[in-house]
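Undergrad:
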Amino acid sequence: MADSTLIRSGARAFTQEYLSKRVVSTLASMLPLIYFLLGRDGNKKGFENIGVPSTGSLITGLQSNRPREEEIFGSEAYMPFQHSTLSAQGDGKAMGMRDTLPTITGATANSQDQHFKRPRYAWFERADPILVYNKPMRRAKRLARSNAEREQRVQSLIQLATDDTLIVHLQALCYELYGLRSTYTVGQGATGTGPTDQDAEVWDHLLSLRNFAQTDNVCGGVDRSVSGNEFHQGKLVTDHRAPNLEDLINEANYTLGCADIGQGVTLMLCGPSLFPTFVSQVQGRGGVVTYGGLPEMGEFGYKRPILRFNNTWVTYDPNIPDKARVHPLTAATKFAKNAVSCLNLDTWTVAFDPEAKFTVDKPFNLAQTDGGKDAMKSQIRTELIVCNEAPKANVWFDDVG
Numbered sequence: 002m003a004d005s006t007l008i009r010s011g012a013r014a015f016t017q018e019y020l021s022k023r024v025v026s027t028l029a030s031m032l033p034l035i036y037f038l039l040g041r042d043g044n045k046k047g048f049e050n051i052g053v054p055s056t057g058s059l060i061t062g063l064q065s066n067r068p069r070e071e072e073i074f075g076s077e078a079y080m081p082f083q084h085s086t087l088s089a090q091g092d093g094k095a096m097g098m099r100d101t102l103p104t105i106t107g108a109t110a111n112s113q114d115q116h117f118k119r120p121r122y123a124w125f126e127r128a129d130p131i132l133v134y135n136k137p138m139r140r141a142k143r144l145a146r147s148n149a150e151r152e153q154r155v156q157s158l159i160q161l162a163t164d165d166t167l168i169v170h171l172q173a174l175c176y177e178l179y180g181l182r183s184t185y186t187v188g189q190g191a192t193g194t195g196p197t198d199q200d201a202e203v204w205d206h207l208l209s210l211r212n213f214a215q216t217d218n219v220c221g222g223v224d225r226s227v228s229g230n231e232f233h234q235g236k237l238v239t240d241h242r243a244p245n246l247e248d249l250i251n252e253a254n255y256t257l258g259c260a261d262i263g264q265g266v267t268l269m270l271c272g273p274s275l276f277p278t279f280v281s282q283v284q285g286r287g288g289v290v291t292y293g294g295l296p297e298m299g300e301f302g303y304k305r306p307i308l309r310f311n312n313t314w315v316t317y318d319p320n321i322p323d324k325a326r327v328h329p330l331t332a333a334t335k336f337a338k339n340a341v342s343c344l345n346l347d348t349w350t351v352a353f354d355p356e357a358k359f360t361v362d363k364p365f366n367l368a369q370t371d372g373g374k375d376a377m378k379s380q381i382r383t384e385l386i387v388c389n390e391a392p393k394a395n396v397w398f399d400d401v402g
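Residues 2 to 402 in my numbering are what the sequence shown lists, from first letter to last.
(1) Under the three-state reduction of DSSP, which class applies to D198: helix, strand or coil?
(2) Taking F336 as the reference, which of N320, D217 and L346 has the closest Cα?
(3) Pick from P364, S88 and P33: whose alpha carbon is nearest that of R382?
(4) To the nearest angstrom, report how far apart D165 and R127 are at their CA atoms.
(5) CB-CB under 6 Å to I307, same chain, minus the five flanking residues each way: which ones, in chain order?
(6) Could you give the residue range of the beta strand (DSSP E) that holds L237?
(7) Quick one: using the 10 Å Cβ neighbour count with 16 as the cut-off for buried, is E411 buried or exposed?
(8) Would G93 count as contacting chain B if we go by Cβ distances under 8 Å?
(9) Curious, which full-length beta strand (DSSP E) runs of at least 3 residues does the region 257-321 contain?
(10) What residue does the beta strand (DSSP E) around I131 start on, and which one ends it?
(11) Residues in its own chain within less than 6 Å of C259 by CB, not counting five upstream and five downstream?
(12) Candidates D198, C388, G402 and H206: which alpha carbon is nearest P277's?
(13) Let me know if T239 comes out buried or exposed under the rule of 16 or more other beta-carbons within 10 Å of its beta-carbon.
(14) Nearest by alpha-carbon distance to H170: which of T360, E77, C388 and D224 is it?
(15) For L249, tell me which candidate among G180, R305, V396 and G287 has the shortest Cα-Cα distance.
(16) Look at the alpha carbon of I51 and the alpha carbon of K358, and state the distance between them as a whole number of angstroms.
(17) Can you tell me whether M377 is helix, strand or coil according to DSSP?
(18) List the residues that DSSP assigns as beta-bridge partners of S342.
(19) Taking the straight line between their C-alpha atoms, what separation do you get for L287 and L32?
(20) Do the CB positions of A173 and A123 come within less than 8 Å of each other?
(21) Quick one: residues in its chain with C-beta nearer than 7 Å to the C-beta of L132, no 5 flanking neighbours on either side, listed in chain order?
(22) Tell whether a beta-carbon distance below 8 Å holds between Y79 and A352.
(23) Could you pull the DSSP bridge partners for T383 from this structure?
(24) Starting from the Cα of Q156, find the closest Cα among I168, N135 and T331 and give me that residue.
(25) So L268 packs on F125, CB below 8 Å; how close in whole Å?
(26) Exposed or buried, R140, counting other C-beta atoms within 10 Å across all chains shown (16 or more means buried)?
(27) Given that a residue counts as buried once 16 or more other Cβ atoms are within 10 Å of its Cβ, and exposed if not, what is I262?
(28) I'd like to check one pair, D129 with Q380: are the Cβ atoms closer than 8 Å?
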């Protein structure tokens with residue numbers, strides 16, 4: 002009895018330590034979108050606390066991330082200040098030698114609080130179960146020839162269960178961000194629905210990249226179809242586009258104006274149908290194909306091939322909608338189109354709850370309950386906020402190639 006109690010008490014610590022080592026490498030190899038959102042902008046140690054229940058973590062490209070961190074973790078939602086209008090430029094004037102100060106026209110309408118709005122982004126939590134049956138653990142202990150081997154055998158069973166759950170957990174978060182739902186149908190696109198109720202205390206879904214890119218839906222509680230809310234509209238291209246990398250980047254930056262409000266798109270994500278074409282185009286136009294890590298990114302590195310074209314990184318994400326693939330949640334249904342996502346990573350804010358960021362709950366022996374499974378159960382859980390503070394600096398192309 003004491004022996005099984007010892008195993009349960011040490012299982013959480015071992016599982017958490019193992020998970021903390023695995024989560025980043027899994028992110029980089031399987032889920033590029035989440036990896037790039039969390040570890041960018043020269044933050045070499047941006048991953049060091051992921052999976053470790055210590056302090057909160059905020060990743061943002063904006064200079065005010067200390068106030069934002071305090072605000073997020075001091076409230077139940079993230080409500081960034083965003084410019085909706087600007088003061089009248091005509092109110093100012095060039096000052097002469099003995100001039101009077103400029104007069105504010107319509108002072109009430111031009112007060113500071115009239116020029117800002119505060120979209121609201123609530124927390125979203127995902128929990129996935131880890132289940133390890135007691136009988137295989139007892140059998141593993143019987144077969145061991147030493148205490149060290151005995152511990153190793155038990156830990157290997159926990160590792161297998163943890164690996165399986167971690168992949169499901171990370172994929173589920175990625176599917177949320179790509180708007181993948183089991184209700185997907187051919188021709189509809191992977192639009193997702195976003196949260197059922199954006200006024201809810203916690204959200205049941207994240208807003209997807211395509212949700213953020215739209216112009217006429219509700220985003221962060223802001224109805225973008227209403228006049229005056231254009232400041233929060235995104236850039237969504239539903240018409241067909243040829244698979245020309247240079248044209249897509251130029252359209253995003255200059256035709257659609259992403260470069261007008263920043264450095265332009267810094268990351269483009271595409272699927273398997275388009276990536277080989279983009280590789281050939283980059284190689285023929287003086288771009289760079291990189292293997293084995295990026296200097297701007299986290300210290301664990303990104304091992305997939307990645308292209309550098311002008312100031313934009315381009316890489317392949319197996320989760321983005323691509324007509325060469327079937328939908329992961331409805332295996333009988335193929336995607337109708339190739340999607341391409343163009344992101345300015347400096348406009349994204351991602352925050353974790355300090356006690357739920359790829360963390361493991363204390364295992365519980367289900368055999369102690371009446372009719373319960375003869376197994377130990379725990380959960381990997383993550384609670385986070387994902388916010389795009391400037392949707393107009395990002396583009397989602399629905400149909401490329």
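Ideal placement from N, C-alpha and C gives every residue a C-beta, glycine not left out. Note that the structure is predicted; figures quoted are calculated from it, not measured.
TA: Looking at the coordinates:
(1) DSSP places D198 in coil when its eight states are reduced to three.
(2) N320
(3) P364
(4) 15 Å
(5) Hits under 6 Å: T291, W314 and T316.
(6) Start and end: K236 to R242.
(7) In this structure the chain extends from 2 to 402, so residue 411 is not present and cannot be described.
(8) The chain labelled as chain B is not found in the depicted structure, where only one protein chain is given.
(9) 268-271, 289-291, 307-310 and 313-317
(10) Residues Y122 to Y134.
(11) A253, G265, V266 and A394
(12) G402
(13) exposed
(14) T360
(15) V396
(16) Legend: pLDDT at I51 = 39, less than 50; position of this residue unreliable, no value from coordinates given.
(17) strand
(18) L270 and W397
(19) It should be pointed out that residue 287 corresponds to Gly in this sequence rather than to Leu. When rounded, the distance between both Cα atoms is 28 Å.
(20) no
(21) Excluding sequence neighbours, L132 sits near A162, A376 and K378.
(22) yes
(23) The secondary-structure analysis by DSSP pairs T383 across a beta bridge with R127 and K358.
(24) N135
(25) Their Cβ separation, rounded to whole angstroms, is 22 Å, which puts L268 and F125 out of contact at 8 Å.
(26) By the C-beta density criterion, R140 is exposed, having fewer than 16 other C-beta atoms within 10 angstroms.
(27) Burial call: exposed.
(28) yes
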